[in-house]
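> Chains as they are written, first to last, in our numbering: chain A, 1 to 210; chain B, 1 to 210; chain C, 1 to 210; chain D, 1 to 210.
We treat Cβ as the ideally placed atom computed from N, Cα and C, and that holds for glycine.
Nothing here was measured: the structure is a model prediction, and the numbers come from that model.
Protein chains: 4
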Amino acid sequence: MSIPRPARTKEEVVKEFRTTEILEAARRVIGELGYGEASMERIAQKAGISKGTIYLYFENKEALFARAIEHGFEQLMEKTRAATRRARGHTAKVSEVARSAVEYSLDYLSFYRVLAERPDLGPAGRSAASDRLRANVDDYVQYVADLLERGTRAGEFRGINPHQAARILLAGVRTIIDEQIREGKHPLVQEEVDTLLDLFLNGAAAGGRS
Amino acid sequence: MSIPRPARTKEEVVKEFRTTEILEAARRVIGELGYGEASMERIAQKAGISKGTIYLYFENKEALFARAIEHGFEQLMEKTRAATRRARGHTAKVSEVARSAVEYSLDYLSFYRVLAERPDLGPAGRSAASDRLRANVDDYVQYVADLLERGTRAGEFRGINPHQAARILLAGVRTIIDEQIREGKHPLVQEEVDTLLDLFLNGAAAGGRS
Amino acid sequence: MSIPRPARTKEEVVKEFRTTEILEAARRVIGELGYGEASMERIAQKAGISKGTIYLYFENKEALFARAIEHGFEQLMEKTRAATRRARGHTAKVSEVARSAVEYSLDYLSFYRVLAERPDLGPAGRSAASDRLRANVDDYVQYVADLLERGTRAGEFRGINPHQAARILLAGVRTIIDEQIREGKHPLVQEEVDTLLDLFLNGAAAGGRS
Amino acid sequence: MSIPRPARTKEEVVKEFRTTEILEAARRVIGELGYGEASMERIAQKAGISKGTIYLYFENKEALFARAIEHGFEQLMEKTRAATRRARGHTAKVSEVARSAVEYSLDYLSFYRVLAERPDLGPAGRSAASDRLRANVDDYVQYVADLLERGTRAGEFRGINPHQAARILLAGVRTIIDEQIREGKHPLVQEEVDTLLDLFLNGAAAGGRS
DNA sequence: CATGAATGAGGCTTCATTCAT
DNA sequence: TATGAATGAAGCCTCATTCAT
């Protein structure tokens, strides 16, 4: 029984490779310079290609940026799903979400910037691209909210608004990434994640529930 | 008892008035259009002056933006201090911090944008202006951290890292502002602030401390 | 009795001067390089200003080009009207039309190019600007057609389709301009105009009417 | 009597076939989009080959365009010669010239565009290609001028400058093509050609010769 | 021969900044 | 001081041309 030839020509493979290469470059440049300062020229330089080549793979700047972010979200979601699948118990799963986000964002700084800059806050809903971007962020938040909701039904969390809680948790994750960026990567990440989760789970108040 | 005439010439008063006027205009334009889209032309229009005049009061765009943000922080700090002074008990003080930040940011969207966009996260210390900006954010976080620390000594909070806790709390505040912006201002702000504080103080875990 | 102050500020005069200056430069560059090769950069150079300045007076390239042509037509119409007004008899008036067009086009080569290149032939009726351009050409042809029609009613011309005759006459004018451009301006223009009119009026056939 | 096998290899035949194929594609694209908008990419698409292939047959864009026009002229000359050969009398021959030009130009709009845009009118003799182009136009005009001259010697035309008359006649032809393009092809072409020839032969003046 | 991905010069446009008035 | 016309660097994008496959 012969293995069927993969349904991809060599050209398609090359094309996908280039596409990914550009997306990675875009993410890195956005990460370094911020959304506003990232230029096509610099992205091309970073990718080791010429300006014009980018336009063979992406319609324009906005499309490239939207895809770069989307690509980042896809990878983050993949990592996150894998990590949560391995974890037993919803509390552990939530912990894995936080750890994945931090780890991933340190690798791909640009991804972090999306969480931080929220380009969707510009003149509301300008383009289809920014709509899709917003949808990506929403999906990610929803994923965490679902986790919290299932955990609540399983008796692990108390009855809090899962959406708001998810957003707050992810905002907490952001503070860790902030700190990592400011101070430079160091080995205390896990500790900070633990503190965040401790705070998220048990609160800051002394003694019992207020 | 007469108040001594301030040792300021009329020119200085006018100068300060103009400065403030421009700063407010800058904050409003940044708020409406975002950091990247805010142009000197529009700021001048909003301030009712001409482009060139701005350069009599500010060195360049970056300096103007940095001062606009700084100005925002000063106002926020003032409001926050007043609010916390009135409150009794550190838990109540923390609550006032959150409420002040949300209220202020809804009034001055631009201020929120700084928290969100964090232009100072670029290549560390790109410019003197961005250094001062960072310092402002730090001061604000420090203020909240001090509050938490004193609260801890007063037995109201358990022994958590006050800096990290402050950052996480403020990140939570941001999520509320996000939501307000996305859904449009509505009267549930107080409710969301309460939920945030409940979560911050008591955590998400069911039952007692984990 | 005091002369009323002209209803124009100095700024308006300067503005109009610059506008005209740019329009002339545009017409000259279009004349030298053709429609397709004329760039904003070269027009700016020719006008002795910088690229950016053009955009203070014209929205974009298309608007500039459309106005440049329109401006040319306005001048041509003015000259033509003045010349025909002076002439007695419709035959003489037609002669003046031809002479005006040739003279004017040699002064403003770019204007000729419009007649020659017919940018309105591109992907039909693409823009408002090209619509207005077409309208200008039509107006000019109509003016000549009216002249021919009145001349016919006055018994000076026989009953030919005035529109087609007008177009043909103007096409004949073009050939003279062509020749002038190719050979360089020389003093035979009047002779060529006379030959054109002789042919237009009396035809090429030997003997009487065929 | 056998026709001797042409001394051409198969390769040469293929080469000529490709060349012609590209020239036709170029003419059609120029006809549809205009001189400025015609890109190598679209010509390649229309010819069913790839961009790079064009460069195996033509040095560059200008050379291709020049050859495309030249090719058009060759075809027009061929058609015109055939048509005039059939006609009896010089007046009839001239009539056939006009009809051929109109018919041909409606079939190959691009050809007309050259007559209209006259890229060779730029700074005299910019390139070898534009020189050859000019020569083509001249040849065509010369052919018509010769016809008129012979007609004059045969007593059919009166003694007018044959060159200028030829240019004027051809310019008149252009106006018909213009009109056809603007209004869309319709069956009145012959009528317009007749009117043109009537005007060309008999003139516009009422009564006898002026 | 043929391809089409890659290049990079060049075109249009914006906008922070300067400077003569 | 205040103005705003002018500047020109820099950004996005197109397309003629090249070249490795």
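Determine the chain C residues that contact residue 195 of chain D at a beta-carbon separation under 9 Å, and present them in chain order.
160, 161, 164, 165, 168
> Could you name the residues of the same chain whose beta carbon sits closer than 7 Å to that of residue 61 of chain D, not counting the 5 residues immediately before and after it, in chain order?
40
> Which value, in whole angstroms, describes the spacing of the CA atoms of residue 29 of chain D and residue 169 of chain D?
28 Å
> So, under 8 Å CB-CB, residue 161 of chain B and residue 195 of chain A are touching, yes? Tell me the CB distance rounded to an integer number of Å.
6 Å
> Looking at residue 13 of chain B and the ligand PLP, is the gap between the Cβ and the nearest heavy atom below 6 Å?
Inclusion of the ligand PLP in the displayed structure is not the case, the ligand content being empty and no account of it being possible.
> Can you give the Cα-Cα distance for residue 9 of chain C and residue 178 of chain D, rounded to whole angstroms?
Straight-line Cα distance between these residues: approximately 45 Å.
> So residue 203 of chain D and residue 203 of chain C are in contact, right, with Cβ under 8 Å, and what is the actual spacing, rounded?
Their Cβ separation, rounded to whole angstroms, is 3 Å, which keeps residue 203 of chain D and residue 203 of chain C in contact under 8 Å.
> Might you give, ordered along the chain, the residues of its own chain that have their beta carbon closer than 7 Å to the beta carbon of residue 159 of chain B, omitting 5 neighbours on each side?
Around residue 159 of chain B: 152.
> Taking the CB atoms as reference points, tell me whether residue 66 of chain A and residue 167 of chain A lie closer together than 7 Å.
No, they are not a contact pair.
> Which of the residues in the stretch 65-82 of chain D, read from start to end, lie with their CB under 7 Å from any CB of chain C?
For the stretch 65-82 of chain D, which is checked against every Cβ of chain C, not one residue is closer than 7 Å.
> Work out the CA separation of residue 79 of chain D and residue 11 of chain D for me, nearest whole Å.
29 Å
> Report the neighbours of residue 157 of chain A on chain B: residues whose CB is nearer than 7 Å to its CB, in chain order.
204, 205, 206
> Straight-line CA distance for residue 13 of chain B to residue 42 of chain B?
25 Å
> Shorter than 7 Å from the beta carbon of residue 171 of chain C to some beta carbon of chain D?
Yes, because at least one Cβ of chain D sits closer than 7 Å to the Cβ of residue 171 of chain C.
> How many angstroms separate the CA atom of residue 92 of chain A from the CA atom of residue 140 of chain A?
Between residue 92 of chain A and residue 140 of chain A, the C-alpha separation is close to 18 Å.
> Could you check the C-alpha separation between residue 175 of chain A and residue 87 of chain A for me, to the nearest Å?
C-alpha separation (whole angstroms): 24 Å.
> Report yes or no: is there a C-beta of chain C within less than 7 Å of the C-beta of residue 31 of chain D?
no
> With a floor of 4 residues, list each alpha helix (DSSP H) that falls wholly inside the stretch 179-210 of chain A, ordered by position along the chain.
189-202
> Are the C-beta of residue 201 of chain B and some C-beta of chain A separated by less than 7 Å?
Interface residue, yes.
> Buried or exposed, going by whether 16 or more other CB atoms sit within 10 Å of the CB of residue 197 of chain B?
buried
> Please state whether the Cβ-Cβ distance between residue 221 of chain B and residue 189 of chain B is less than 7 Å.
Absent from the structure is residue 221 of chain B, since the part of chain B shown begins at 1 and ends at 210.
> Span of the alpha helix (DSSP H) holding residue 57 of chain C?
51-57
> Step through the CB atoms of chain C and report whether any lies within less than 7 Å of the CB of residue 36 of chain D.
yes
> Near residue 18 of chain D, which residues of its chain fall below 7 Å by C-beta distance, leaving aside the five closest residues on each side in sequence?
57
> Quick one: using the 10 Å Cβ neighbour count with 16 as the cut-off for buried, is residue 50 of chain C buried or exposed?
Exposed, since its Cβ has fewer than 16 Cβ neighbours within 10 Å.
> Flag residue 174 of chain C as yes if its beta-carbon sits less than 7 Å from any beta-carbon of chain D, otherwise no.
yes
> With DSSP as the reference, identify every bridge partner of residue 157 of chain D, one or two as the case may be.
Bridge partners of residue 157 of chain D: C:205.
> As a quick exercise: from C:182, C:205, C:148, pick the residue whose alpha carbon is nearest that of residue 163 of chain C.
Residue C:148 is the option with its Cα nearest to residue 163 of chain C.
> Would you mind stating whether residue 22 of chain A and residue 47 of chain A have Cβ atoms separated by less than 7 Å?
yes
> Residues in its own chain within less than 6 Å of residue 119 of chain B by CB, not counting five upstream and five downstream?
The predicted model places residue 119 of chain B with a pLDDT of 42, which falls under 50 and marks its position as unreliable; any figure quoted below should be read in that light. Nothing listed; no residue qualifies.
> Name the residue from A:71, A:191, A:206, A:143 whose alpha carbon lies nearest to the alpha carbon of residue 102 of chain A.
A:191
> Taking the continuous alpha helix (DSSP H) assigned at residue 67 of chain C, which residues delimit it?
61-86
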